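Novice: What follows is a structure written as structure tokens; I'll ask about it next.
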Amino acid sequence: MHRWVYAIDASIKLFIRDINSFRLLIINAAIPITILTTYELLMNILNTYVDSLTTTVAPYSKSIINNAVYFINSITYLVVAALVIIFFVTSAFMVNGIVRNLRDDFRAMISIFRSGVGVIMHIALIMLLISLYSFTLGISISAALVLVLMKILTTLGIIPITNYGVDITGVLPVMLPLACVICVTYIIEGIIWVRRYAYLP
176 MHRWVYAIDA
186 SIKLFIRDIN
196 SFRLLIINAA
206 IPITILTTYE
216 LLMNILNTYV
226 DSLTTTVAPY
236 SKSIINNAVY
246 FINSITYLVV
256 AALVIIFFVT
266 SAFMVNGIVR
276 NLRDDFRAMI
286 SIFRSGVGVI
296 MHIALIMLLI
306 SLYSFTLGIS
316 ISAALVLVLM
326 KILTTLGIIP
336 ITNYGVDITG
346 VLPVMLPLAC
356 VICVTYIIEG
366 IIWVRRYAYL
376 P
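If you want the working numbering, it's the 1-based position in the sequence shown plus 175.
What follows is the structure, given as structure tokens:
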């Protein structure tokens, strides 16, 4: 229990420090999550609106509307995917030497694995908690953005949707692969960083 409390305390301190200093993975992990989640939420709302719209239009208009929505979804998805890739490429340059020297990094990995399972699990737990914080931050920001956007659009009468609730659970499966990548990246970065700059038995 004491180890869990210490790990949670350390992860929160590192998370706040990295946000304050705008270090790499905290911000750049939350941004792709925010972009993808916002995209998925907006597309779900758009598809719901289109489904309700096609029931009131002429039959020949349904195919036109569906093709237009499909085209919009495809273009938007390409843009979103490009943005996510850009953020991860940018992360590689901002991380300040995560793979500065492959030989030293491999030696650090081998050395830390020889240090014992307890040390590895402790570092991995801290970095896993930080990655979960980033994931939650990205989801929260995107949900807030979508709610504000839908409120503005409905207030202005641009879209006739009175129920602009956001179903986060519907987009979680789409986020899981990216969340796994972020978690693994955090853990590897944390192990290498601690081994390189801190003393381990």
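Glycine is no exception: its CB is placed at the ideal position from the N, C-alpha and C atoms.
It should be emphasised that the depicted structure is a prediction, and the values quoted were computed from it without experimental measurement.
(1) What do you get for ILE362, buried or exposed, if any count of 16 or more other CB atoms within 10 angstroms of its CB means buried?
(2) How about LEU211 and VAL259: are their beta carbons less than 8 Å apart?
(3) My output table needs one value for LEU331: the three-state DSSP class, helix, strand or coil.
(4) If you draw a straight line from the alpha carbon of ILE316 to that of THR209, how long is it in whole angstroms?
(5) Using only alpha-carbon positions, find the residue among THR213, LEU353, LEU300 that is nearest to ALA182.
(6) For SER186, collect the residues of the same chain with a Cβ closer than 6 Å to its Cβ; drop the 5 residues on either side in sequence, then sort them by chain order.
(7) Please identify the residue among CYS355, ALA256, LEU221, ALA257 whose C-alpha is closest to the C-alpha of ALA243.
(8) Once you ignore the five residues that flank LEU217 on each side, which residues in its own chain have a CB closer than 7 Å to its CB?
Specialist: The short version:
(1) buried
(2) Annotated as proximal: LEU211 and VAL259, with beta-carbon spacing under 8 Å.
(3) When DSSP states are grouped into helix, strand and coil, LEU331 belongs to the coil group.
(4) 6 Å
(5) LEU300
(6) ILE301, LEU304, ILE305
(7) LEU221
(8) VAL321
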